[in-house]
Structure formats: structure tokens, C-alpha cells
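Residue numbers for the sequence shown, in our numbering: 2 to 295.
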Amino acid sequence: MALNSLLQQYCLRVESALDTRLQHRSIEPRLQEAMRYALFNGGKRIRPGLIYLCNQLLGGQLSLADAPACAMEAVHSYSLVHDDLPAMDDDDLRRGKPTCHIAFDEACAILAGDALQCSAFEWLAQPQAELQPRLQLRMLAVLARAAGDRGMVAGQAFDLAHVDQSLTLEQLQQMHRHKTGALLTASVELGALSAGVDSGERYEALRRFGDAIGLAFQVQDDILDIEGDTATLGKPQGSDLAQNKPTFPALLGMSGAREKLQQLHSQAIEALTLFDSEADPLRALADYIVKRDH
């Protein structure tokens, strides 16, 4: 099946699973509305897609990938809600729609983000008879590490602390391996774990793939911030440039950023040499990440 069809299939699957998990959860309807607004706002669902793709590559059951897929999307969505707040990136648009704090208010957006983060770990911890408890515990540890002060949050904090400052290439890469890459690599790991694979050559190969596409995703984001347009991006074009944030084009120039992007793409493809044609959807995903326009 073509990548677009697979991603659409997985997008519908995770959205159905999220909808089921969010029914009748809150005594405060406005909080529930804000959580749904953050979750169901037209995202590409790349991270859940990665979980499902890796689960299937390793011979897993899709049903065992639903909880980690929902958990990952909840963490990703909460991070975007908080990223957009005035104290962070202060953005008014997200995927072409008013950001959560604009559509509701700051306090409601903060609480919706908090609730989504907690929900992620609740969903991941619910017992599944066909999944070994040790694998569930490993999933919880993988997501917690990727989302916290050893992953995404550390990258966000470093980013905010270095506005208007010059970074070395190594510093910039480390920042984005945490801020953007950690959740993408964790998605690969969660997919493998949901298929019962927690170590070995295949696991490590997929981790290397995740590391490469995670950084490539950010390099392309930086390029699109300069070359994209607001209507296509669904957020203000040039926002990083306006805030004088450290980016790959700012450090390497546009041609250097493009060269870096191709290097990372090559690393991602090379990481999959252990697999035959069954990994073609992941190869196609690597192509998509470096060629996307939003």
C-alpha cells in the first residue's frame, strides 16, 4: 500500500481511538472542548503513523499499538498548546486555526495541555492482556524520558534560553535532537515495543532511523520557516526569523541546511539496510519528511 494511503488509514485509526478515550471524562465541559480542540486540529499524525508502521514491520498487532499511538499524540498535542502560549513562542495560528489559548484562554489552554499530558500516561498504563507488563513499563519509561527534561522539555528550555545567541552546530543539533527528535525516536521505539521487540539489531536499526528523521524533520521545518508561506504552513511564516531563533539556515546558510537535510536522509535510508522491501513505507516516510511543504 502507498505511504499516503497507509498514513491516512493510521490517522483515522488513531483519531477513532482518541475519540473513544476522550468521551465523558471531565466535570468541566470547557476543559474537554479545549483538549479536543488541541487534539483534533488537522495534524499529520506522523508520530502515531511511525508507531503503527514499526509495529507492522516487526510483525505486531495493530491493536497493541493503539494505546502508545494515542499517548504519543496526546503528548505531542499538549506540547504544541504550551509552545504557542505567550510565555513561550506566542503564536496566534496553529495549522491554520487560532491557537488553543486564542480560541479559549490562557488558563484553559494550560490546563488542557496538563490534562493531555496526564492522559497519555494513563492510556499507556492501562493493562493489555496480550502485552507483557515489562514491555508496558518500558513504554512508559521511553515516553517519559522523551517528553521530559532528558528530551523534549530540555530542548524547549534550551531553545528559549538561547534566543538572540549564537550556537555551534553541535549545540543546535543537540537542542533539536531533544526538542523535536526525541518524540520521533520514541515513536519508533514504542512501535517496536508494541510488537514485542525491545532489543537487538532490528531495534537499534530503527532507533538510528528515528534519530536521523527526527533531526531531518527539524531542518526541513527551519527551511520552510523561510521559504514556506503562512497559508500552506498553517502558522506564521518567518516566525523563527522574526524572533531571531537559532536555526540551521541561520547557522549554515540555506545551501548548507539543504546539504545537512540530504545527509540525514541518507543516514535514515542506510539505517534500514537490515530490512528488505517490508521497510519501504519507512523509506517513503523519510522521503516525505525531507520533501514536505508544511
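Glycine included, every Cβ here is placed at the ideal spot set by N, Cα and C.
Count the other C-beta atoms from every protein chain shown that fall within 10 angstroms of the C-beta of residue i, then say buried if there are 16 or more, exposed otherwise.
| i | result |
| --- | --- |
| N5 | exposed |
| A121 | buried |
| T21 | exposed |
| P128 | exposed |
| P282 | buried |
| F249 | buried |
| A108 | exposed |
Could you tell me whether the Cβ atoms of residue i and residue j are closer together than 7 Å?
| i | j | result |
| --- | --- | --- |
| G291 | Q219 | A small correction: the amino acid at residue 291 is Val; Gly does not occupy that position in the sequence shown. Not closer than 7 Å, so no. |
| C12 | V189 | no |
| L262 | F210 | no |
| R1 | H77 | No answer is possible for residue 1: the residues shown for the chain start at 2 and end at 295. |
| G43 | S195 | no |
| A213 | A183 | no |
| F105 | A35 | yes |
| H177 | L225 | no |
Is residue i close to chain D? Criterion is C-beta to C-beta, closer than 7 Å.
| i | result |
| --- | --- |
| C119 | Absence of chain D from the displayed structure is noted, only one protein chain being present. |
Excluding the five sequence neighbours on either side, which residues of its own chain have a C-beta within less than 7 Å of the C-beta of residue i, listed in chain order?
| i | result |
| --- | --- |
| S80 | M153 |
| L141 | F122, L125, A126 |
| L59 | A193, A196, V198, R203 |
| T1 | No answer is possible for residue 1: it lies beyond the span of the chain, which begins at 2 and ends at 295. |
| P69 | I52, L125, M140, L191, S195 |
Under a three-way DSSP split, which group does residue i fall into?
| i | result |
| --- | --- |
| K261 | helix |
| R293 | coil |
| K180 | helix |
| F249 | helix |
| H266 | helix |
| D199 | coil |
| L234 | With a pLDDT of only 48 at L234, under 50, the local geometry of the prediction cannot be trusted, and no value is derived from it. |
| S27 | coil |
| D288 | helix |
| L273 | coil |
| T186 | helix |
| R208 | helix |
| Q62 | coil |
| N56 | helix |
Going along the chain, which residues of its own chain have a beta-carbon closer than 6 Å to the beta-carbon of residue i, five neighbours each way excluded?
| i | result |
| --- | --- |
| A18 | D67, C71 |
| L132 | L65 |
| Q157 | K180 |
| P30 | none |
Taking 8 Å as the limit between beta carbons, can you name the residues of its chain near residue i, skipping five residues before and five after?
| i | result |
| --- | --- |
| A130 | none |
| L253 | L170, E260, K261 |
Complete alpha helix (DSSP H) runs within the region 84-165 (minimum length 4 residues, chain order): You should have 101-104, 107-126, 134-148, 153-162.
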